[in-house]
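Working notes, beginning with the structure itself.
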Amino acid sequence: MFTILIQEKGGEQRRMVFNKAEVTIGRVQGNDIVLPKGNVSKRHARIVLKDGKFIIVDLKSTNGTYVNGRKITSPLVVKDSDKIYIGDFIVGVDEAGSAESDAPHEPPTN
Numbered sequence: 065m066f067t068i069l070i071q072e073k074g075g076e077q078r079r080m081v082f083n084k085a086e087v088t089i090g091r092v093q094g095n096d097i098v099l100p101k102g103n104v105s106k107r108h109a110r111i112v113l114k115d116g117k118f119i120i121v122d123l124k125s126t127n128g129t130y131v132n133g134r135k136i137t138s139p140l141v142v143k144d145s146d147k148i149y150i151g152d153f154i155v156g157v158d159e160a161g162s163a164e165s166d167a168p169h170e171p172p173t174n
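Residue numbers (my numbering): 65 to 174.
Pasting the structure below:
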């Protein structure tokens, strides 16, 4: 499970749950999370859950991706206390509500 929190500045927060280890964020359909504002690039960012850690990757967006007010220039590990700014939206990860489902699992023992 992969839980993302999204809030437009001044708006309601919504929660989206994914059953995969990677989600894309952008302005157009085809992204896992669509943020329909002009200051969000068509394919803006990607969040990956790897080895129990969330990693935010900016996809060469026009306006940049910011974590806690600082523009990221390379993939960055984020925690649930971090605020990811994409255009007019604040995005967060919910570590408590997420579990890495795509990771290799131990085979059942008989």
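Think of the CB as a built atom: it goes at the ideal place given N, C-alpha and C, for glycine as much as any other residue.
query = Should T129 be labelled buried (16 or more other beta-carbon atoms within 10 Å of its own) or exposed?
reply = Within the sequence shown, the letter at position 65 stands for residue 129. Its Cβ being crowded by 16 or more others within 10 Å, T129 is buried.
ask   = With C-beta atoms as the reference, is A85 less than 9 Å away from L113?
value = Mapped onto the sequence shown, residue 85 falls at position 21. Mapped onto the sequence shown, residue 113 falls at position 49. In contact: A85 and L113 (Cβ atoms closer than 9 Å).
message = So, with DSSP's three-state summary, where would you put L123?
response = The sequence position of residue 123 within the sequence shown is 59, counting from 1. L123: coil per DSSP, three-state reduction.
request  = Could you please give the first and the last residue of the uninterrupted beta strand (DSSP E) stretch that includes K143?
outcome  = Against the sequence shown, residue 143 aligns to sequence position 79. K143 -> no beta strand (DSSP E), and no H or E assigned at all.
request  = Would you mind stating whether F82 and I68 have Cβ atoms separated by less than 9 Å?
outcome  = Position 18 of the sequence shown holds residue 82. Position 4 of the sequence shown holds residue 68. Less than 9 Å separates the beta-carbon of F82 from that of I68.
query = Would you report the Cα separation of E76 and K143, rounded to the nearest angstrom?
reply = Here residue 76 is taken as the residue at index 12 of the sequence shown, counted from 1. Here residue 143 is taken as the residue at index 79 of the sequence shown, counted from 1. Distance between the alpha carbons of E76 and K143 is about 21 Å.
request  = Taking all protein chains shown into account, decide if E170 is buried (16 or more other Cβ within 10 angstroms of its Cβ) or exposed.
outcome  = By one-based count along the sequence shown, residue 170 stands at place 106. For E170, the pLDDT reaches just 42, beneath the cut-off of 50, and the residue's location in the model is therefore unreliable, although a value from the coordinates is still provided. It is exposed - the Cβ of E170 has fewer than 16 other Cβ atoms within 10 Å.
message = Rounding to the nearest angstrom, what Cα-Cα distance links R107 and L99 in this structure?
response = Position 43 of the sequence shown holds residue 107. Position 35 of the sequence shown holds residue 99. Distance between the alpha carbons of R107 and L99: 10 Å.
task = Please confirm whether I120 and V131 have their CB atoms less than 9 Å apart.
result = Counted from its first residue, the sequence shown places residue 120 at position 56. Counted from its first residue, the sequence shown places residue 131 at position 67. Yes.
key: Limits of the beta strand (DSSP E) - the one that Q93 falls within   = Residue numbering aside, residue 93 sits at position 29 when the sequence shown is read from its first letter. Neither: Q93 is in no beta strand (DSSP E) and is coded neither H nor E.
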